[in-house]
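S.K.: Would you mind keeping the following structure in view while I ask a few things?
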Amino acid sequence: MVQKLVLRNEVVKVKGRVKAITIKKDEFEKFLQLRKLKILNKEYEALMPPLDGLQKNTIDINGLSALIQQFMSIEVTNSGNTSQTSQAQIVLTTSGSSITLSYTNNIKINSQGVTVFIQIFQQNGSYTFQYYYIAFDTTDSSYTASQIELYASAISYNGVVTFYTNVVRIAYANMSFTKTSDSYLFIVWLIEFQNIPPYLLPFTPTLQSNTVTALKVPGNCTVYFNNGSCSFGCGGNCPSSGLNGFVMYIQNNSIILEFPFTVPLGTGVSNVEVLLCTVAPYNNIPTISGSISSTLTPPVSGATFYVVIATITVTYQVS
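In terms of the numbering used here, the sequence shown is residues 9 to 327.
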């Protein structure tokens with residue numbers, strides 16, 4: 009008998025906030041602040057505008073889904089695009105035209121660009137990844153903008169080769185501001201992936217940033233099924249399945265990822281213990297591992313498992 013059952017449905021929240029600031033040129037030296045950011049237990053300093061007063065943006069669910077799909081394809085196949093792409097872009101819509109600010113690793117005078125800082129912290133057993141996109145225009149140009157758009161890309165690294173997703177729009181905001189020739193423009197854009205349990209980190213894209221934090225591929229993900237006559241645990245000898253594919257779709261302003269795992273048990277059992285074990289190795293932070301277990305009971309009374317199709321479901325809820 010074949011039963012498709014959901015082992016776990018986790019919700020990862022994706023949020024964004026943004027603000028635009030114009031300042032007089034002579035205020036530049038006192039405007040930027042040296043701020044301490046944390047990547048788990050390590051601190052580093054970043055030169056940033058003030059972070060107060062950020063306003064809600066709109067997450068582009070179609071763009072974000074394209075980025076996640078490309079990232080997960082890399083994770084599953086350990087292959088993909090190896091050509092360097094822009095880490096980030098912020099596009100300003102002005103009257104009759106647009107201005108594109110592209111990635112650079114630091115803020116400069118008489119220049120335009122976007123720099124990206126990452127912060128990672130753990131709270132109550134779950135992880136949050138924060139990406140601060142700092143756009144700037146310190147040239148003599150003048151214009152009035154009515155909308156801004158954030159474009160980003162994700163990366164994975166296998167120890168030898170870095171894989172890149174396309175640069176796609178992940179957020180936008182209707183925002184009116186004017187930059188004059190005697191002023192500088194700064195845009196602060198915060199994108200957060202919240203509420204990530206450790207066993208879901210291999211399914212969460214790492215966006216390009218100054219610190220080049222990347223999830224190494226292939227991230228290890230194994231599901232074990234207890235048939236009653238095996239050592240049930242991570243690394244045990246129970247029947248198991250690895251990550252072989254996924255299905256993704258958009259529903260109710262959320263991105264749904266489903267990872268099916270199919271294992272023949274050989275003998276009939278009415279209930280099956282299932283254990284998901286993951287290992288997320290990163291290139292510049294400690295490896296993070298996690299696990300979650302559950303007991304699957306067939307929806308039909310008296311049914312017997314011979315083949316189990318269990319599904320791990322991850323919902324990226326945007327707001």
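A virtual CB, placed ideally from N, CA and C, is assigned to each residue, including glycine.
Every value quoted in this text rests on a predicted model; they were computed, and no experiment measured them.
Does DSSP put residue 265 in a helix, in a strand, or in coil?
M.R.: For this step, residue 265 is matched to residue 257 along the sequence shown. Strand at residue 265.
S.K.: Quick check on residue 87: does DSSP put it in helix, strand or coil?
M.R.: Stepping through the sequence shown from its first residue, residue 87 is reached at position 79. Looking at residue 87 - three-state DSSP - the assignment turns out to be coil, as it is neither helix nor strand.
S.K.: Kindly indicate the opening and closing residues of the beta strand (DSSP E) around residue 8.
M.R.: Nothing in the structure corresponds to residue 8, since the chain is present only between 9 and 327.
S.K.: Say whether the stretch 48-60 touches the stretch 206-213, bearing in mind that this needs 3 or more beta-carbon pairs closer than 8 Å, one atom from each stretch.
M.R.: Under the three-pair Cβ rule at 8 Å, the stretch 48-60 does not count as touching the stretch 206-213.
S.K.: Starting from residue 33, trace the beta strand (DSSP E) in both directions and tell me its first and last residue.
M.R.: Working through the sequence shown from its first residue, we reach residue 33 at position 25. Careful: residue 33 lies outside any beta strand (DSSP E) and carries neither H nor E.
S.K.: So, at 8 Å on beta carbons, what are the nonlocal neighbours of residue 237 in its own chain, with the 5 sequence-adjacent residues on each side left out?
M.R.: For the purposes of this step, residue 237 is taken as residue 229 along the sequence shown, with counting starting at 1. So no residue of the chain qualifies.
S.K.: At a cut of 8 Å, does the stretch 55-63 reach the stretch 212-229 through at least three beta carbon pairs?
M.R.: no
S.K.: Classify residue 228 as helix, strand or coil using the three-state DSSP reduction.
M.R.: Your numbering for residue 228 matches position 220 in the sequence shown. Residue 228 falls in the strand class under three-state DSSP.
S.K.: Along the chain, where does the beta strand (DSSP E) containing residue 295 start, and where does it finish?
M.R.: Locating residue 295 in the sequence shown gives position 287, counting from the first residue. Element bounds for residue 295: n/a, residue is neither H nor E.
S.K.: Can you tell me where the beta strand (DSSP E) holding residue 101 begins and where it ends?
M.R.: The sequence position of residue 101 within the sequence shown is 93, counting from 1. Note, residue 101: beta strand (DSSP E), 96-102.
S.K.: Secondary structure at residue 210, three-state DSSP: helix, strand or coil?
M.R.: Working through the sequence shown from its first residue, we reach residue 210 at position 202. Three-state result, residue 210: helix.
S.K.: Tell me, which residues are paired with residue 329 by DSSP?
M.R.: The structure shown has nothing for residue 329, since the chain only spans 9 to 327.
S.K.: Please report the distance separating the alpha-carbon of residue 60 from that of residue 28.
M.R.: Translated into positions along the sequence shown, residue 60 becomes position 52. Translated into positions along the sequence shown, residue 28 becomes position 20. Cα-Cα distance, rounded: 11 Å.
S.K.: Might you give, ordered along the chain, the residues of its own chain that have their beta carbon closer than 6 Å to the beta carbon of residue 266, omitting 5 neighbours on each side?
M.R.: Taking the first residue of the sequence shown as position 1, residue 266 is located at position 258. Same-chain partners within the cutoff: 255, 319 and 321.
S.K.: For residue 66, tell me which candidate among 128, 23 and 168 has the shortest Cα-Cα distance.
M.R.: Here residue 66 refers to the residue found at position 58 when the sequence shown is read from its first residue. When only C-alpha atoms are compared, the closest one is 23.
S.K.: Where does residue 257 land, buried or exposed, given buried means 16+ other C-beta within 10 angstroms?
M.R.: The sequence position of residue 257 within the sequence shown is 249, counting from 1. Exposed.
S.K.: Just mark residue 83 as buried or exposed, buried being the case when its beta carbon has 16 or more other beta carbons within 10 Å.
M.R.: As a working mapping, residue 83 is identified with position 75 in the sequence shown. Buried: at least 16 other Cβ atoms inside 10 Å.
S.K.: Just to confirm the assignment, what range does the beta strand (DSSP E) spanning residue 171 have?
M.R.: Taking the sequence shown and counting its residues from 1, the one referred to as residue 171 is at position 163. Segment 170-172, the beta strand (DSSP E) holding residue 171.
S.K.: For residue 42, is the classification buried or exposed, using 16 other Cβ atoms within 10 angstroms of its Cβ as the cut-off for buried?
M.R.: Counted from its first residue, the sequence shown places residue 42 at position 34. Counting Cβ neighbours within 10 Å, residue 42 comes out exposed, since fewer than 16 surround it.
S.K.: Give the DSSP-derived three-state secondary structure of residue 13 in the structure shown.
M.R.: Counting from one through the sequence shown, the residue named residue 13 turns up at place 5. Per-residue confidence for residue 13 stands at a pLDDT of 49, beneath the threshold of 50, marking its modelled position as unreliable; the derived number appears in the next sentence. Correct three-state label for residue 13: strand.
S.K.: As a quick exercise: from 287, 240 and 298, pick the residue whose alpha carbon is nearest that of residue 281.
M.R.: The residue given as residue 281 occupies position 273 in the sequence shown. With distances taken between Cα atoms, residue 281 lies closest to 240.
S.K.: Pick helix, strand or coil for residue 182, following the three-state DSSP scheme.
M.R.: Within the sequence shown, residue 182 is the residue found at index 174, counting from 1. Here residue 182 sits in strand by DSSP.
S.K.: When DSSP labels each residue in this structure, what does residue 70 get in the three-state scheme?
M.R.: On the sequence shown, position 62 is the one that residue 70 refers to. Of the three classes helix, strand and coil, the one that applies to residue 70 here is helix, per DSSP.
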